[in-house]
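Colleague: Following this message is one structure expressed as structure tokens.
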Amino acid sequence: MMNKTIHFLESISEQSGRLVAWLVLLLVLLTLSVAIPRYLLSNEWFLGLNLLSLDWSEIRSNYSQHVNAMNDGIQYMHAIIFMFGLSYAMKSGDHVRIDILYRSMSARRQAWVNIIGILLLFYPTFIFILIMSWDYVLNAWSILESSSRPGGLPWLYLLKSMLLIMPVMMILQGTASLLRNIQTLINRDAS
Amino acid sequence: MALLMFAIVCIVLMMGFPVAFTLAGTALLFALLGNWMNAFDLVDFQTAFLNATSSRIFGIMQNETLVAVPLFIFMGLILEKSRVAENLLETMAALFGPLRGGLGFSVILVGTLMAASTGIVGATVVTMGLLSLPTMLKRGYDPAIATGTICASGTLGQIIPPSIVLILLGDVLTNAANKAGSIQTSVGELFAAALLPGLLLVSLYLLYLAFIAFTRPDAMPAIPQEERNARSKKQLLKQVMVALLPPLLLIISVLGSIIGGLAAPTEAASIGAIGSILLAMAQRQFNLDVLKYAMRRTVAITSMVFMILIGATIFSLVFRSFGGEELVTDLLKDLPGSQYTAVFLIMLLMFLLGFVLDFIEITFVVVPIVAPVLLAMGIHPTWLGIMIAINLQTSFLTPPFGFSLFYLRGVAPDEVRTEQMYKGVIPFIGIQILVMASLAIWPQLATWLPGIMFQ
């Protein structure tokens, strides 16, 4: 039963991490596709080449119409990567510790540090973020808040909702980690 | 109360629970306590500051400068997976091997190049330790010199741009400069400013090794004659073209476009990321597994960095609620002597904190508290950033707590004694202090290049 719960909770973190990983590649490509035209369109020499005799002023206005939406897209992706990635990083044990003492502790001791840490430090943090963000996100939904840039993406309220999704995901992953550490203690006692 | 909280957090951190959660959690427990004591007028705790939590976190989500972080991490991971460092080290060793101390030179030069691509403390030390320490020992290098060289070149990652920590530091210092209303700085300026001091460090490292090779030939012997002949000049030249030039070009183009003002750090980072993929393809090291690995590790490492930023944000909001900011300002302002006394004390504090905290934590927790005060006193933000970077780099080298010593100890064979490692890094610490002193005397070392690049 406990094993099943742990596996279920951890698979949420794992799958969401693997999914947003693809956004890293998209982020690279989108950033490039904003940067390169911007550079070329401001380069006199390149424009002077007059390749294919294109109408540059039309292309330029086209670019400036869409650049804000693309910049918003870059920001959305970046935010989604780390907000969804936080629980993935926790599952894979990537949140750095000061391990001068921790490293030399017995597995039992380490489990105790984690259990106390999760109950006393971890849960309060994410419950706090959840409570503080509730009204903030609700306000954004009530006006369906949109981008502050002209021509930007209209989903700012959705992006803000990550402030509620992230703590929930963290609490779930934290619970999995809590159970896993309790299991370590029990198994040690049994053997 | 604010200072007590700071001290308690440092103690709790030593227990080994993840830093980000400890920072936020301990601060919130203190906030509860403060709130309760407030009711009895025991302390002045202003809960209003805490209301900014969500907008602060959302501010982090919308920060444009920090988009460069995942991009550079991704680039570093692709380069790591495509075995660029191994090939580089092998080529350099073939190139410099015939010289006395040649292997040592190669380690420093490869460390410099690697540094420019990963920038994460530990990664470089571990890689270099695994790759080059066994070879150096086999060739009869003095263990002290071998380990000292590896530790020192591993920490170069923090100062040689485009290091991740310089991006973070640039962002924090920009905010601090806005707050203090002082001269501005930017990530690009910090990169430009780090170039000369970074190269100065590398040259002094090399000079020191050359001195040892000259005075104590048996401490760093050359590769024997018969092995040298195994490879023809033509083969060597080809190897250099394949292994050395592409990564060098990649790093120069990324750095050059930032410092030359052609591209924003984020844009240059995306070019670097694509470049690293092309490079891996050219070396026939690129496939779906490498891509997936790099993308997933990018998600994990990026999230780790931003979690510390979120934790540090909550910590500093509580710190401000306790009036910690005014306290620090008053403390620093009341110091006798000029503003440089304050800088010196802060540097000393950071040096000591470097024994327990990593660069990222110090950047997010300590710098936002002290930098606005120092900048308001007229300290140049770019110069301050470079001083902090070299100072922490020194701290990570210093026995017995320096991080890079721990990392290398973890991968070094048992026959290398820890005392030998300590002995080996001491000359490099001397060089670090020398460079810091030069920066203090001639701030232009840091401010000259960005001054002419960004008017």
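First to last, the protein sequences are chains G and U. With the first sequence counted from 1, adding 27 to any position gets you my numbering. With the second sequence counted from 1, adding 4 to any position gets you my numbering. Glycine residues also receive a C-beta, built at the ideal position from the N, C-alpha and C atoms.
Counting Cβ pairs, one atom from each stretch, are 3 or more of them under 8 Å apart for the region 411-421 of chain U and the region 220-229 of chain U?
Modeller: Contact fails: fewer than three Cβ-Cβ distances are below 8 Å.
Colleague: Report buried or exposed for U:Thr345, applying the criterion of at least 16 other Cβ atoms within 10 angstroms of its Cβ.
Modeller: The residue labelled residue 345 of chain U in the question sits at position 341 within the second sequence. So U:Thr345 ends up on the exposed side.
Colleague: Which residue marks the beginning of the alpha helix (DSSP H) containing U:Ile256, and which one marks its end?
Modeller: Translated into the one-based positions of the second sequence, residue 256 of chain U becomes position 252. Element bounds for U:Ile256: 249-263.
Colleague: Report the three-state DSSP secondary structure of G:Val123 (helix, strand or coil).
Modeller: Along the first sequence, one-based indexing puts residue 123 of chain G at 96. It is coil, neither helix nor strand.
Colleague: Under 8 Å between C-beta atoms, does U:Gln66 make it to chain G?
Modeller: Here residue 66 of chain U refers to the residue found at position 62 of the second sequence. It does; some Cβ of chain G falls within 8 Å.
Colleague: Going by alpha carbons, who is nearest to U:Thr30 out of U:Met96, U:Phe44, U:Ile15, U:Asn42?
Modeller: Translated into the one-based positions of the second sequence, residue 30 of chain U becomes position 26. It is U:Ile15 whose Cα lies nearest to the Cα of U:Thr30.
Colleague: Within 10 angstroms of its Cβ, does U:Gly115 collect 16 or more other Cβ (buried), or is it exposed?
Modeller: For this step, residue 115 of chain U is matched to residue 111 along the second sequence. Classification for U:Gly115: buried.
Colleague: Leaving aside the five residues before and after U:Val439 along the sequence, list all residues of the same chain whose C-beta is less than 8 Å from its C-beta, in chain order.
Modeller: On the second sequence, position 435 is the one that residue 439 of chain U refers to. For U:Val439, where only same-chain residues beyond five positions count, the Cβ hits under 8 Å are Pro201, Leu204, Leu205, Leu208, Ile394.
Colleague: Counting only the same chain and skipping the five closest in sequence on each side, list residues whose C-beta sits under 7 Å from that of G:Gly2.
Modeller: Residue 2 of chain G lies beyond the residue range present for chain G, which begins at 28 and ends at 218; the question has no answer from this structure.
Colleague: Apply the 10 Å Cβ neighbour rule to G:Val123 and answer buried if 16 or more other Cβ atoms are within range, or exposed otherwise.
Modeller: Against the first sequence, residue 123 of chain G aligns to sequence position 96. It counts as buried.
Colleague: Using the C-alpha atoms, what's the distance from U:Lys242 back to U:Leu449?
Modeller: Translated into positions along the second sequence, residue 449 of chain U becomes position 445. Translated into positions along the second sequence, residue 242 of chain U becomes position 238. Roughly 37 Å between the two C-alpha positions.
Colleague: To the nearest angstrom, how far is it from the Cα of U:Phe355 to the Cα of U:Ile263?
Modeller: As a first step, residue 355 of chain U is located in the second sequence; it is residue number 351 there, counting from the start. As a first step, residue 263 of chain U is located in the second sequence; it is residue number 259 there, counting from the start. Going by the C-alpha atoms only, they are around 29 Å apart.
Colleague: Please classify G:Ile158 as buried or exposed, where buried requires at least 16 other C-beta atoms within 10 Å of its C-beta.
Modeller: Here residue 158 of chain G refers to the residue found at position 131 of the first sequence. With fewer than 16 other Cβ atoms within 10 Å, it is exposed.
Colleague: In its own chain, which residues sit with a C-beta less than 8 Å from the C-beta of G:Leu205, not counting the 5 before and 5 after it?
Modeller: The residue labelled residue 205 of chain G in the question sits at position 178 within the first sequence. Within the same chain, G:Leu205 has close Cβ partners Asn141, Ile142, Ile145, Leu146.
Colleague: Can you pull the chain U neighbours of G:Ser119, defined as C-beta to C-beta under 7 Å?
Modeller: Locating residue 119 of chain G in the first sequence gives position 92, counting from the first residue. Ala304, listed in chain order.
Colleague: Under 8 Å Cβ-Cβ, which residues of chain G neighbour U:Leu33?
Modeller: In the second sequence, the residue the question calls residue 33 of chain U occupies position 29. Residues of chain G passing the Cβ test: Leu147, Leu148, Pro151.
Colleague: Taking only runs that begin and end inside the region 142-170 of chain G, name each unbroken alpha helix (DSSP H) of 4 or more residues, in chain order.
Modeller: Counting whole runs of 4 or more residues, the region 142-170 of chain G contains the alpha helix (DSSP H) stretches 150-169.
Colleague: Three-state secondary structure (DSSP) at U:His384?
Modeller: For the purposes of this step, residue 384 of chain U is identified with residue 380 of the second sequence, where counting begins at 1. If DSSP states are grouped into helix, strand and coil, U:His384 belongs with coil.
Colleague: Beta-carbon separation of U:Met65 and G:Ala167 under 8 Å?
Modeller: Residue numbering aside, residue 65 of chain U sits at position 61 when the second sequence is read from its first letter. Residue numbering aside, residue 167 of chain G sits at position 140 when the first sequence is read from its first letter. Not in contact: U:Met65 and G:Ala167 (Cβ atoms no closer than 8 Å).
Colleague: Residues of chain U with CB closer than 8 Å to the CB of G:Tyr163, please, in chain order.
Modeller: The residue you call residue 163 of chain G lines up with position 136 of the first sequence. Result: Ser58, Ser59, Phe62.
Colleague: Rounded to the nearest angstrom, what separates U:Leu254 and U:Leu75 at their Cα positions?
Modeller: By one-based count along the second sequence, residue 254 of chain U stands at place 250. By one-based count along the second sequence, residue 75 of chain U stands at place 71. Rounded to the nearest angstrom, the two C-alpha atoms are 14 Å apart.
Colleague: For U:Thr139, is the beta carbon positioned less than 7 Å from some heavy atom of the ligand ZN?
Modeller: With respect to small molecules bound, the structure shown includes none, and the ligand ZN cannot be examined in it.
Colleague: Name the chain U residues that come within less than 9 Å of G:Lys187, Cβ to Cβ?
Modeller: For the purposes of this step, residue 187 of chain G is taken as the residue at position 160 of the first sequence. Those within 9 Å of G:Lys187 in chain U are Ser58, Phe62, Met65.
Colleague: Considering U:Ala226, what are the terminal residues of the alpha helix (DSSP H) in which it resides?
Modeller: Locating residue 226 of chain U in the second sequence gives position 222, counting from the first residue. Per DSSP, U:Ala226 belongs to no alpha helix (DSSP H) and is neither H nor E.
Colleague: Taking contact to mean at least 3 C-beta pairs separated by less than 8 Å, is the region 31-46 of chain U in contact with the region 62-69 of chain G?
Modeller: The region 31-46 of chain U vs the region 62-69 of chain G: no contact.
Colleague: Any Cβ of chain G within less than 8 Å of the Cβ of U:Arg324?
Modeller: For the purposes of this step, residue 324 of chain U is identified with residue 320 of the second sequence, where counting begins at 1. Output row for U:Arg324: interface = no.
Colleague: Would U:Leu259 and U:Pro376 qualify as a contact pair, given that the criterion is a beta-carbon distance under 8 Å?
Modeller: The sequence position of residue 259 of chain U within the second sequence is 255, counting from 1. The sequence position of residue 376 of chain U within the second sequence is 372, counting from 1. No, they are not a contact pair.
Colleague: So that I know if they touch, is there some Cβ in chain U lying closer than 8 Å to that of G:Val47?
Modeller: Against the first sequence, residue 47 of chain G aligns to sequence position 20. With 8 Å as the cut-off, G:Val47 counts as an interface residue toward chain U.
Colleague: Considering just the uninterrupted stretch of the alpha helix (DSSP H) at G:Glu85, what are its terminal residues?
Modeller: The sequence position of residue 85 of chain G within the first sequence is 58, counting from 1. Segment 83-118, the alpha helix (DSSP H) holding G:Glu85.
Colleague: Kindly list, in the order they appear in chain G, the residues whose Cβ is closer than 8 Å to that of U:Phe78.
Modeller: Within the second sequence, residue 78 of chain U is the residue found at index 74, counting from 1. Ordered by position in chain G, the residues that pass the 8 Å Cβ test against U:Phe78 are Val51, Val55.
Colleague: Could you tell me if U:Val246 is buried or exposed, where buried requires 16 or more neighbouring beta carbons within 10 angstroms of its beta carbon?
Modeller: What you label residue 246 of chain U is simply residue 242 of the second sequence in a count that begins at 1. U:Val246 is exposed by the Cβ-count criterion.
Colleague: Roughly how many angstroms lie between the CA atoms of G:Gly120 and U:Gln239, to the nearest whole one?
Modeller: The count along the first sequence starts at 1 and reaches residue 120 of chain G at position 93. The count along the second sequence starts at 1 and reaches residue 239 of chain U at position 235. So the two alpha carbons sit approximately 44 Å from each other.
Colleague: With three or more C-beta pairs closer than 8 Å as the rule, is the region 378-386 of chain U touching the region 173-187 of chain U?
Modeller: Touching, yes.
Colleague: Counting contacts by CB-CB distance shorter than 8 Å, is G:Thr58 in contact with chain U?
Modeller: The residue you call residue 58 of chain G lines up with position 31 of the first sequence. Judged by the 8 Å Cβ criterion, G:Thr58 is in contact with chain U.
Colleague: My assumption, with CB atoms under 8 Å, is that U:Leu81 sits in contact with U:Arg301. Please give the rounded CB distance.
Modeller: Position 77 of the second sequence holds residue 81 of chain U. Position 297 of the second sequence holds residue 301 of chain U. Yes, they are in contact, since the Cβ atoms of U:Leu81 and U:Arg301 sit about 5 Å apart, within 8 Å.
Colleague: Once you ignore the five residues that flank G:Leu190 on each side, which residues in its own chain have a CB closer than 6 Å to its CB?
Modeller: Looking up residue 190 of chain G in the first sequence gives position 163. Counting only Cβ-Cβ distances below 6 Å, and skipping sequence neighbours, we find Ser160, Val164.
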